[in-house]
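Worksheet: one structure, shown below.
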Amino acid sequence: MVEFAGYILRIATKQWVNQVFDMAIYYTSIHRKWKPEQTILFVHKTEAGDAIIGYGVIDAVHEKEELSEEEKSECKKYGWKKAIEFKYIKPLEKPLLIKETPLKNMKLKGKLLHGFPLNKKEIESIINQAETPTLN
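Oh and the sequence shown: position 49 is 49 in this note's numbering, straight run, nothing missing.
If you want it as structure tokens, here you go:
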């Protein structure tokens, strides 16, 4: 069985982007083998297309039953099954368009990006690209 170093999570709304970056928690219903130390790339739709807006490293994954009553209520409302808690989340100074990364060759867009698995080399390459200042 293949073990992935991380995944892409596409955050649908600006409200949820703010929640993820403020609370360092992402609630999801997507089934993956979430594990501590995996790196998650956060993608959000921008005017120019889907872009990586930040990344984080998983600290813990909590089943819905382990959450507070308030969190359980939110999970029920949106159909979420788990909460992914992050050690840290790093927003990018400038979003990196998917079409400017090696992922462009996969021709994935929108919801097809959500939950897409990545190996260690892909993650390192994308983060390095995202954090390297470009000369304009």
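A virtual CB, placed ideally from N, CA and C, is assigned to each residue, including glycine.
Helix, strand or coil at residue i according to DSSP, with G and I counted as helix
i, result
"Gly110", "helix"
"Pro117", "strand"
"Asn136", "Annotation note: pLDDT 47 at Asn136 (below 50); position unreliable, no value reported."
"Phe42", "strand"
"Glu47", "coil"
Residue environment, residue i, which counts as buried when at least 16 other CB atoms sit within 10 Å
i, result
"Pro137", "Limits of the chain in this structure are 1 at one end and 136 at the other, which puts residue 137 out of reach."
Distance, residue j Cα to residue i Cα
i, j, result
"Lys82", "Lys121", "27 Å"
"Ile127", "Arg10", "16 Å"
"Leu113", "Ala12", "11 Å"
"Lys64", "Ile53", "26 Å"
"Lys99", "Leu92", "16 Å"
"Ala60", "Asn105", "32 Å"
Beta strand (DSSP E) segment containing residue i, residue limits
i, result
"Glu85", "Lys82 to Leu97"
Delimiting residues of the alpha helix (DSSP H) encompassing residue i
i, result
"Lys104", "Element bounds for Lys104: n/a, residue is neither H nor E."
"Lys76", "Glu69 to Tyr78"
"Lys14", "Lys14 to Met23"
(request) Report yes or no: do three or more beta-carbon pairs, one from the stretch 76–83 and one from the stretch 18–35, lie closer than 8 Å? (result) A contact between stretches requires three or more CB pairs, one per stretch, nearer than 8 Å, and the stretch 76–83 meets this requirement with the stretch 18–35.
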